[in-house]
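Working notes, structure below.
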Amino acid sequence: MADDQTRVEWRRWGPDAFEEARTAEKPVLLSLTATWCDGCHEMDVETYAEPRIAANVNDGFVPVRVDVDRHPRVRERYNMGGFPSTVFLTPSGDLLTGATYLGPDGMRQVLEKVRDLWTEKGSEAGRIPRALAGKPTPAGEVTARIEEHLAGQLDDKYDHRFAGWGDGAKFPMPRTIEFALKRAREQGLETLGAIRESLFDDVEGGFFRYADAPDWTDPHHEKLLDSNAALCRAFANGYLYTGDEEFLGPVRRTLDFLAESLWNGAAFGGSLGPAEGSDYYDGDDAEARGEETGPRRDLTAYAGANALAADALLTFAAYTDDERATDYARRALDYVESSLVEDGVVTHYRASEESGESHLLEDHARAVSAFVRARQVVGDRDALETARSVADVAIDELQEPGGAFLDGPVTDVGLLDKPLRPLDGNVEMADALLDLAAVTGEDRYEDAAHDAIAAFGGAWDRIGVQVAGYGSVAARLTHSTLVVEVGAPAGSDLHRAAMRVADHEKVVLPDADAPEGEAVVRLGDEEASATTPDELMAAVSDLGGV
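Residue numbers (the UniProt record's numbering): 1 to 546.
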């Protein structure tokens, strides 16, 4: 179907496009784009709208356009290091070559080179990325050295001048911040401060995605639901460890942003690009180029992002009793459960005319975590049953025997027929399963978590600070999780005190089988009991829980 803006006759991702390429003996031009992506929008106007380029693309290639938020598995297999990604494929989906943004001159050169390569070698020029080559993961033992290594990586990679980790573009890395809050607290708190100063939108609320410069300047001004949710949780946990109110303001203002700009009436939408009239969007210049000047907003409700948002808002509410955060979290989870979960199977999204993929690892992991969080914070027993069913499907259908989780089902379109075992997705699922094991007492969930982490244990010394959460989960497997069972309802003084214990990895179970009006604190084989908040804090301290 022709696009009036780009002049390119884009096909949808799917078997029909690849079959067309086989029949016509043409390579595929895959354009990875996103609603929030400024560079994608610019490339449409500057490159794909150029008549000769569009004609060359339409005549010599089968052009396929993919929204990376709607097709995360395509994104992970073909991402060239940023968006837009311009990727050239064989008709079977193997990789020929690719780049990120291409202006008109760059695109002309690449089109010519790909045509020459195709004429000379055809499909034999295609290759399969190493991560998809089918090699087993580097399995090994889960030991305390994993946490020690990643704690050391915090120090090795920390930017002592500007905060954050690394000396290039600065990404917030909220899960790394949470890992640091327990092991290198000042690093975590300083990084939260840098993010608040540089990536937080003081005008409209919400966090920008990342900064191009090491000193956190030159931020990219798109706002994504999942990154905002993860940062809200990190800031809330910063407050948990310090009691400093300065960490709560950005969370409250981000909730305002989410409610005002991304709420679609039933759940949170996925993203917002730079808005007309803001300091970082040149509406006059855009209008002169013939571009749309309003904000680019994606109000699609994605399962994993909404689950993560609910998780973050419930975490914030657990520390602050914020009723508005609880309300939005409940509503988002209600939507996920009623519209995107069926018999434990999570569907990525549903729109008016289409549905996304099902059985995606990230969606299942975040759903398990969020529904377990609802059991902990508001005492929702039905949420726990949903978490069980979602976890069971993931273990049964995505986990290899005694090993890693796949990112989704193996299908026969492009490189989706090659299994991918993402480390970050396995960490997220293992963490959620450990929470589920703690609240249910079922060892099978801990066993599945252990297998997922052990699947990468042979490469423990090569895992970097970007996946520091691997160390968090390994630590929980080797040192046990702090569990507080409260014989009182959610919202009681004893339950509220338990939620405020300064350990964001703890698990709290209200309305538990503990004696009425009493809390039982467990850390491994040790336990203690308490009947008042002060006694509870003392019991946790005596067990070495904080």
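Even for Gly, the Cβ is constructed at its ideal location relative to N, Cα and C.
Please state whether the Cβ-Cβ distance between residue i and residue j is less than 8 Å.
{"i": "Val57", "j": "Leu29", "result": "yes"}
{"i": "Pro27", "j": "Val114", "result": "yes"}
{"i": "Gly273", "j": "Pro295", "result": "yes"}
{"i": "Gly487", "j": "Glu527", "result": "no"}
{"i": "Leu436", "j": "Leu420", "result": "no"}
{"i": "Val341", "j": "Thr386", "result": "yes"}
{"i": "Ala230", "j": "Pro174", "result": "yes"}
{"i": "Gly103", "j": "Met80", "result": "no"}
{"i": "Leu225", "j": "Phe171", "result": "no"}
{"i": "Leu360", "j": "Gly403", "result": "no"}
{"i": "Gly414", "j": "Gly60", "result": "no"}
{"i": "Ala34", "j": "Cys40", "result": "yes"}
{"i": "Ala303", "j": "Ala367", "result": "yes"}
{"i": "Ala125", "j": "Leu132", "result": "no"}
{"i": "Leu314", "j": "Ala351", "result": "no"}
{"i": "Ala394", "j": "His348", "result": "no"}
State the start and end residues of the unbroken alpha helix (DSSP H) segment that holds residue i.
{"i": "Pro15", "result": "15-24"}
{"i": "Thr242", "result": "225-242"}
{"i": "Lys113", "result": "104-121"}
{"i": "Pro172", "result": "Taken as a continuous stretch (DSSP letters only), Pro172 belongs to no alpha helix (DSSP H), as it is neither H nor E."}
{"i": "Arg253", "result": "249-257"}
Nearest to residue i by alpha carbon, out of the options?
{"i": "Gly122", "options": "Arg22, Glu428, Leu154", "result": "Arg22"}
{"i": "Ala459", "options": "Val473, Leu423, Asp443, Asp447", "result": "Leu423"}
{"i": "His485", "options": "Val501, Gln466, Glu442, Asp513", "result": "Note on residue identity: the sequence assigns Glu, not His, to residue 485. Among Val501, Gln466, Glu442, Asp513, the Cα nearest to that of Glu485 is on Asp513."}
{"i": "Gly238", "options": "His220, Val372, Thr320", "result": "Thr320"}
{"i": "Glu186", "options": "Ile195, Leu199, Ala163, Phe200", "result": "Ala163"}
{"i": "Ala213", "options": "Leu96, Gly168, Ala151, Leu262", "result": "Gly168"}
{"i": "Asp105", "options": "Leu361, Thr47, Thr143", "result": "Thr47"}
{"i": "Tyr328", "options": "Ala236, Glu147, Leu258", "result": "Leu258"}
{"i": "Leu83", "options": "Pro136, Arg209, Lys135", "result": "Looking at the sequence itself, residue 83 is Phe, so the reference to Leu does not match. The shortest C-alpha separation from Phe83 is found at Arg209."}
{"i": "Leu248", "options": "Gln5, Ala139, Asp322, Arg65", "result": "Asp322"}
{"i": "Glu190", "options": "Thr176, Leu333, Ala383", "result": "Thr176"}
{"i": "Val372", "options": "Gly441, Arg77, Ser472, Glu354", "result": "Gly441"}
Under three-state DSSP, which class holds residue i?
{"i": "Gln399", "result": "strand"}
{"i": "Pro219", "result": "strand"}
{"i": "Asp67", "result": "strand"}
{"i": "Ala519", "result": "strand"}
{"i": "Asp282", "result": "Since pLDDT at Asp282 reaches only 40, below the 50 mark, its modelled position is unreliable, and no value is offered."}
{"i": "Ser480", "result": "coil"}
{"i": "Arg185", "result": "helix"}
{"i": "Gly290", "result": "Legend: pLDDT at Gly290 = 39, less than 50; position of this residue unreliable, no value from coordinates given."}
{"i": "Met1", "result": "Low confidence applies here, because Met1 scores a pLDDT of 41, under 50, leaving its location unreliable; read the following figure in that light. Met1: coil per DSSP, three-state reduction."}
{"i": "Glu9", "result": "strand"}
{"i": "residue 551", "result": "With the chain covering only 1 through 546, there is no way to say anything about residue 551."}
{"i": "Phe200", "result": "strand"}
{"i": "Lys418", "result": "coil"}
{"i": "Glu50", "result": "coil"}
{"i": "Arg73", "result": "helix"}
{"i": "Phe179", "result": "helix"}
{"i": "Ser92", "result": "coil"}
{"i": "Leu262", "result": "helix"}
{"i": "Arg444", "result": "helix"}
{"i": "Ser389", "result": "helix"}
{"i": "Trp460", "result": "helix"}
{"i": "Asp513", "result": "coil"}
Taking its Cβ as the centre, do 16 or more other Cβ atoms sit within 10 Å of residue i, making it buried, or is it exposed?
{"i": "Glu292", "result": "Confidence at Glu292 is low in this model, with a pLDDT of 47, below 50, so the placement of that residue should be treated as unreliable; the coordinate-derived value is given next. So Glu292 counts as exposed."}
{"i": "Ala448", "result": "buried"}
{"i": "Gln399", "result": "buried"}
{"i": "Glu357", "result": "buried"}
{"i": "Gln376", "result": "buried"}
{"i": "Glu141", "result": "exposed"}
{"i": "Gln153", "result": "buried"}
{"i": "Ser227", "result": "buried"}
{"i": "His160", "result": "exposed"}
{"i": "Arg12", "result": "exposed"}
{"i": "Val8", "result": "buried"}
{"i": "Ser31", "result": "buried"}
{"i": "Val546", "result": "exposed"}
{"i": "Val64", "result": "buried"}
{"i": "Arg289", "result": "Note that Arg289 scores 34 on pLDDT, short of 50, meaning its location in the model is unreliable and no value can be drawn from it."}
{"i": "Asp542", "result": "exposed"}
{"i": "Arg462", "result": "exposed"}
{"i": "Glu178", "result": "buried"}
Which residues mark the beginning and the end of the beta strand (DSSP E) in which residue i is found?
{"i": "Gly98", "result": "95-99"}
{"i": "Phe88", "result": "85-89"}
{"i": "Ser31", "result": "28-33"}
{"i": "Ala530", "result": "526-530"}
{"i": "Val508", "result": "507-509"}
Tell me whether residue i, by its Cβ, gets closer than 7 Å to a heavy atom of the ligand MN.
{"i": "Asp44", "result": "Although the ligand MN was asked about, the structure shown includes no ligands whatsoever."}
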